[in-house]
Amino acid sequence: MELNRPCFQRPHQTKLMLSKVKNTFVVVDGGHLLHEVVWQRNMNLEDISKSYLRYLQTLYGSNVAVVFDGYPSDVNGNSAKSAERIRRANLHSSHEIIFNEATCPETSQEQFLANERNKVRLIDFLKKFLQKANVTVKQAIKDADVLIVETAVSVKSQYDNIFVVGEGIDLLVLLTGLAPMKEKLYFRKCGKGRTPVVLYSTTSFKCKFSRMILFIHAFSGCDTSSALFGHGKTKFCFLGEKEIPTPGKIYKYFSTLKLPLTKWLRQAKLF
């Protein structure tokens, strides 16, 4: 979902060092964190863990929580999330590594993390290391997005500002749909390469659009439901840009697709 569509308000100021903001709590997407900290050559796992801790303390301060995805024992599950993980893993060849704190990975960071079992062991290693340093660490059963938002909402009465940090726009959608409006809850969307960091809040979606955001998100594709083939989020979002879509308008939209809505729902075992 593009963030410059008419359904969005103007983004907030992004040039902000969160560790310098008083009485602030930060919830970091663990999947984002794993790739955000760059491993230096010849670092062992203990040094790598220390670099993650320094990164968190420098950028986000002491009031920080990290929430990781869960990885069921069946890593070849049939969920949309599992399928995406398999697709990503197939892009980069890697092998399983049995390691301890003194191990220096001989593969690149990208290849190491592309192996599901390596990632599971690293998360377990990092959880223990960060927890010893008094960093709050949580792990979801499967996808972490809901737990990330729930963690942020759960401490809103204790801090002046709450920030959720990650890359996936799903976090902003859930923050908008599940968090109370007008609370000081923000989503810091981290960019890659030339893509800038952008700061959004629970009011970044226009009011009339935010009421439908969870429905639109689910029907246009997310980690627990597949997108309609050839029809992305931005094409579906036009329904909410001018006015709140009614069931009749939604049905009319799906009727224009090559696969009628009723047939699609039956195939998806939803009707």
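Counting the sequence shown from 1 gives a position; our numbering is that position plus 391. Positions of the beta carbon are idealized from the N, C-alpha and C atoms, including for glycine.
query: For residue 531, the residue or residues it bridges with in DSSP; result: For residue 531, which the question treats as bridged, DSSP gives no partner whatsoever.
query: The stretch 446 to 465 in contact with the stretch 558 to 570 per 3-pair CB rule at 8 Å; result: no
query: Reference residue 535, options 421, 437, 591 and 426, closest by Cα; result: 421
query: Residue 579 burial status per 10 Å Cβ neighbour count (16 or more: buried); result: buried
query: Residues near residue 412 by beta carbon distance below 7 Å, same chain, minus five either side; result: 552
query: Residue closest to residue 584, alpha-carbon to alpha-carbon, out of 558, 591 and 595; result: 558
query: For residue 491 and residue 563, believed in contact at Cβ under 8 Å, the rounded distance; result: Rounded, the Cβ-Cβ distance is 38 Å, inconsistent with contact.
query: Sequence-distant residues of the same chain with beta carbon closer than 6 Å to residue 511, five excluded per side; result: 462
query: Residue 414 burial status per 10 Å Cβ neighbour count (16 or more: buried); result: exposed
query: Bounding residues of the alpha helix (DSSP H) (the contiguous stretch that carries residue 490); result: Segment: none, residue 490 is in no alpha helix (DSSP H) and carries neither H nor E.
query: Own chain, CB closer than 7 Å to residue 565, minus 5 neighbours either side, in chain order; result: 536, 537 and 540
query: Beta-carbon proximity list for residue 500, same chain, < 8 Å, skipping 5 on both sides; result: 426, 429 and 430
query: Backbone secondary structure at residue 731 - three-state DSSP; result: In the structure as shown, the chain starts at 392 and stops at 662, and residue 731 therefore has no counterpart that could be examined.
query: Residue 450 versus residue 487: straight-line alpha-carbon distance, rounded; result: 32 Å
query: Cβ pair residue 546, residue 581 closer than 8 Å; result: no
query: Three-state class that DSSP yields for residue 453 in the structure shown; result: coil
query: Close Cβ partners of residue 530 (< 6 Å) along its chain, the five nearest in sequence each way excluded; result: 459 and 461
query: DSSP-derived helix/strand/coil call for residue 401; result: Note that residue 401 scores 49 on pLDDT, short of 50, meaning its location in the model is unreliable; the coordinates nonetheless yield the value given after this. Residue 401: coil per DSSP, three-state reduction.
query: Residue 586, buried or exposed, once every other Cβ within 10 Å from all chains shown has been counted against 16; result: exposed
query: Test item: CB-CB of residue 440 and residue 517 under 8 Å; result: yes
query: Coil, strand or helix - residue 560 by DSSP; result: coil
query: Neighbourhood of residue 542 by C-beta, 7 Å cutoff - its chain only, sequence neighbours within 5 removed; result: 418, 456, 458 and 529
query: Cutoff 7 Å; reference residue 522; Cβ partners in own chain excluding five residues on either side; result: 528
query: Straight-line gap, residue 434 to residue 442 (C-alpha atoms, nearest Å); result: 10 Å
query: First and last residue of the uninterrupted alpha helix (DSSP H) at residue 523; result: 507 to 523
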